[in-house]
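Chemist: In terms of UniProt numbering, the sequence shown opens at residue 1 and continues consecutively.
Every residue gets a Cβ at the ideal spot worked out from N, C-alpha and C, and that includes glycine.
Questions regarding the structure given below will be posed in turn.
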Amino acid sequence: MPIGQLLRDLRLLKPWTQVQLAEQLAICAGDPAGAPGRDAVKRWESGKVIPGRYWIGHLSRVLGLPVEQLQAEARLDRVNRRAFLGLSALAVTHGALATEIAACIAGSDPVPLGRVQTTHGADIVTASMADKASTVHLRRWMLDGDIPILRVNAAGILAKLPGQDHADQVARALAHDEEARHLYMTAVTSRVCAVDWTTAGRIVSQPASYGHRADFLATRFAREALNPKDSGARWCSSIMLRELSPMIGRSPA
Numbered sequence: 001m002p003i004g005q006l007l008r009d010l011r012l013l014k015p016w017t018q019v020q021l022a023e024q025l026a027i028c029a030g031d032p033a034g035a036p037g038r039d040a041v042k043r044w045e046s047g048k049v050i051p052g053r054y055w056i057g058h059l060s061r062v063l064g065l066p067v068e069q070l071q072a073e074a075r076l077d078r079v080n081r082r083a084f085l086g087l088s089a090l091a092v093t094h095g096a097l098a099t100e101i102a103a104c105i106a107g108s109d110p111v112p113l114g115r116v117q118t119t120h121g122a123d124i125v126t127a128s129m130a131d132k133a134s135t136v137h138l139r140r141w142m143l144d145g146d147i148p149i150l151r152v153n154a155a156g157i158l159a160k161l162p163g164q165d166h167a168d169q170v171a172r173a174l175a176h177d178e179e180a181r182h183l184y185m186t187a188v189t190s191r192v193c194a195v196d197w198t199t200a201g202r203i204v205s206q207p208a209s210y211g212h213r214a215d216f217l218a219t220r221f222a223r224e225a226l227n228p229k230d231s232g233a234r235w236c237s238s239i240m241l242r243e244l245s246p247m248i249g250r251s252p253a
């Protein structure tokens with residue numbers, strides 16, 4: 001998620017207007033009548049400008065989010081500012097790995113998919129290269145792979161195939177495979193909610209422990225539940241929304 005969207009979500013949870021956020025930042029910076037001003041906040045949230053290190057520090061304190069998390073989101077935006085979700089842009093970053101994986105899948109070799117959980121971007125590029133024979137191999141590994149990483153990686157690629165023809169099969173597989181489901185949901189939570197892997201795993205395992213963040217988390221998952229390119233992410237986000245629903249509205253202002 002872009003840092004601008006994250007800042008807007010956090011601001012609305014207060015709930016503050018853009019002017020009020022600017023005022024809080026000015027107070028935090030020790031200059032109540034000075035910068036940044038509402039226009040700066042508006043530019044940050046629209047994605048036209050990425051806040052620098054100075055304001056990220058104050059945004060962290062005012063909005064109650066770890067500074068490392070905001071810095072990571074800002075770095076991601078800077079690297080992928082132009083059409084990050086475009087296939088051509090993703091191919092630049094993930095093309096070599098995806099090509100290798102796609103070749104192994106076509107050759108019915110599951111070993112690369114059993115080594116480490118693949119990234120969202122690598123899955124998208126790999127899915128764009130998959131032919132019908134590869135799809136057959138992926139379905140078999142998703143259902144009968146001997147280790148969870150192989151099953152979740154196969155599911156992740158199938159979930160992102162153009163046309164989303166395997167959405168129902170992926171959802172059924174995740175519903176009946178606890179280990180693969182946990183891996184997939186952790187990956188989605190980490191990416192969508194901009195948290196580290198360990199924190200994401202805890203949110204998935206114990207959502208009730210994050211009731212104080214339920215509104216924020218639900219807002220992020222609600223957007224991902226409409227992701228047209230990843231049926232697995234849609235399914236996982238819907239499950240997390242169900243778990244968080246009893247706590248929505250109880251988060252402190």
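1) Between the Cα of T189 and the Cα atoms of R61, D177, H120 and S108, which residue gives the shortest distance?
2) For R115, does the three-state DSSP call read helix, strand or coil?
3) Assign T199 to one of three DSSP states: helix, strand, or coil.
4) Give every residue of the same chain whose Cβ lies closer than 7 Å to the Cβ of L65, excluding the five residues on either side of it in the sequence, and list them in chain order.
5) What separation, rounded to the nearest whole angstrom, lies between the Cα atoms of Q18 and Q69?
6) What does the alpha-carbon distance come out to for the pair L183 and C236?
7) Nearest to residue 260 by CA position, among Y54, R213, P148 and D131, is which residue?
8) Within the chosen definition, does the segment 122-133 reach the segment 94-105 through at least 3 CB pairs nearer than 8 Å?
9) Given a cut-off of 8 Å, decide if A130 and D230 are closer than it, judged by their beta-carbon atoms.
10) For T186 versus V170, is the C-beta distance shorter than 8 Å?
11) Suppose contacts are defined by Cβ-Cβ distances below 8 Å. Is P32 in contact with A26 by that definition?
12) Of the choices L113, R191 and T135, whose alpha-carbon is the least far from that of P162?
13) Using 8 Å as the limit for Cβ to Cβ distance, is A154 near chain C?
14) Answer yes or no: do D215 and L59 have a C-beta to C-beta separation smaller than 8 Å?
Modeler: Looking at the atomic coordinates:
1) Nearest option by C-alpha distance: H120.
2) Per DSSP, reduced to three states, the secondary structure at R115 is coil, with no helix or strand assignment.
3) Residue state, collapsed to three classes: helix.
4) These residues qualify, in order along the chain: L10.
5) Computed Cα separation, rounded: 21 Å.
6) Between L183 and C236, the alpha-carbon positions lie close to 10 Å from each other.
7) Here the chain has residues from 1 to 253 only, and residue 260 is not among them.
8) Below 8 Å, enough C-beta pairs join the segment 122-133 and the segment 94-105 to call them touching: three or more.
9) Going by C-beta atoms, D230 is not nearer than 8 Å to A130.
10) Taking 8 Å as the Cβ cut-off, T186 and V170 do not qualify as a contacting pair.
11) Contact: yes.
12) Ranking the options by Cα distance to P162, first place goes to T135.
13) The structure shown contains no chain C; it is built from a single protein chain.
14) Result no, Cβ atoms of D215 and L59 do not sit closer than 8 Å.
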